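By the working numbering, the letter at position 99 of the sequence shown is numbered 542, and the numbering carries on one by one without gaps.
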Amino acid sequence: MRRVVVWIAIVVLCAFLFLLVANANSLDDGILYLRDMLAYSETPAQPLNESGRFGFCKQFVSLRNAQRARFIENFLDARGIPFQRIPIYNAKFDNIFVPFSQQGPYTIYSAHYDKFFDEPEYQGASDNSAAVCMLLVVADELNKQHPKKPIALLFTGEEESGLVGAKAFYEDATKNNLQVANVLNFDSMGRAGLAARASGERSGFVFTIPLLGEFVYDGREIEPASTYRQPNSKLLAQLSRLVPITILDRMVAKSDGTYFQEQGWNAVNFTSDDMYYLNETWHTYQDRVELWDESNFQRVVDLMLGYARENQ
């Protein structure tokens, strides 16, 4: 009997070690998630200053999707910033493209402005109100000083309907021969640090089950993992000189940047690096402004402005 128990223990240990080795690439991302979970507090380190440069964001979160498009346009109009409306197929609102140079190849900062539940009670604070507000602050700053790079901002609609706005923009850009160098896509922001994530057809944590393959867990379901892509290492090295960036190569994101990558554009999906926070609030009514940390807003703005000011 004792010998049987020993052999069972050996088999279990070997299976555990086999699983551990198979998931060696996932361990660092998993450890970061555990760290964030243990350290999580609903009280942000630096609550949003309502009278500061990001104060208007608290008004933005309650707007419905069509109202959000008008808010963005009114914000740009009030500052004399020219923009283009690019239709999204049969949608009631458009993509909004804001070029700060007459010609490319452009580095595009993008964020989707639609929210998952199109109702006033749902704020969609991290997904994706925060990033829209960051881009608007950047638009105001770039309008005051000519960037050294050809920079453009892109506010997409219908991301939550299946990246529809991104598809419409890509088709329009291809039709009009718009030259694109890079796309920095910002989605699920507003707290902690900044992360660059792999892109795939399903969002979540990728892990391996030996003999069965790779799977992705989104906090709710486990499904087979699709092909996923890593962001351009050279571009990330340039950006990391401006602000700290956590690389999450097994925490896969599905956002507009995913579609742009699939079409061959050099795109990076950026999110908050606090994956526990994002997992707890994603597409829920707990995704509220009270959880925002202004230091995250400032870090992202510093990245965009810093990169725009660099020589080509």
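Cβ coordinates follow ideal geometry from the N, Cα and C atoms, glycine included. Bear in mind the structure is a predicted one, so any value in this text is a computation, not a measurement.
Three-state secondary structure (DSSP) at residue i?
i	result
S646	coil
S715	strand
E564	coil
L685	coil
L506	coil
A710	strand
Y750	helix
Y720	helix
L491	coil
L463	Residue placement at L463 is flagged as unreliable, the pLDDT there being 49, under the threshold of 50; a coordinate-derived value is accordingly withheld.
K677	helix
R731	coil
S738	helix
G700	helix
E516	helix
Y532	coil
K558	coil
G473	helix
W725	coil
R478	helix
R496	coil
E485	coil
R759	Summary: the structure shown does not reach residue 759, with the chain confined to residues 444 through 755, and so no result is reported for it.
What residues match up with residue i in a beta bridge as DSSP calls it?
i	result
Q442	In the structure as shown, the chain begins at 444 and stops at 755. Residue 442 is therefore absent and cannot be evaluated.
F551	Sequence check: residue 551 is Ile here, not Phe. Answer is A595 and V626, bridged to I551.
V695	G647
R672	S642
E666	V659
I690	A639
Quick one: Cα of residue i to Cα of residue j, how far?
i	j	result
L579	D716	22 angstroms
F497	G656	44 angstroms
Q510	I524	19 angstroms
P530	G608	9 angstroms
A534	L585	29 angstroms
L462	A624	Reliability of the predicted coordinates at L462 is poor, the pLDDT of 49 falling under 50, and the value obtained from them is presented with this limitation in mind. Distance between the alpha carbons of L462 and A624: 40 angstroms.
T701	T486	32 angstroms
Q489	E733	11 angstroms
T651	D692	14 angstroms
E562	A573	17 angstroms
E493	K558	22 angstroms
G662	N620	40 angstroms
F503	V541	19 angstroms
V744	M632	12 angstroms
Y483	T727	17 angstroms
S505	F499	11 angstroms
Q546	K592	10 angstroms
F526	T550	16 angstroms
R528	Q622	18 angstroms
R672	A641	5 angstroms
E664	K587	47 angstroms
Are the Cβ atoms of residue i and residue j separated by less than 8 angstroms?
i	j	result
D471	Y719	no
F740	M577	yes
S683	N628	no
I688	A638	yes
F612	V575	no
A512	Y565	no
S604	G643	no
V659	V686	no
G647	R742	no
L679	V711	yes
A595	F514	no
V581	L475	no
N571	D630	yes
W735	L491	yes
V626	S553	yes
F536	G600	yes
S569	R634	yes
- prompt: Going along the chain, which unbroken runs of the alpha helix (DSSP H) with 4 or more residues stay wholly within the region 570-658?
  reply: You should have 573-587 and 607-618.
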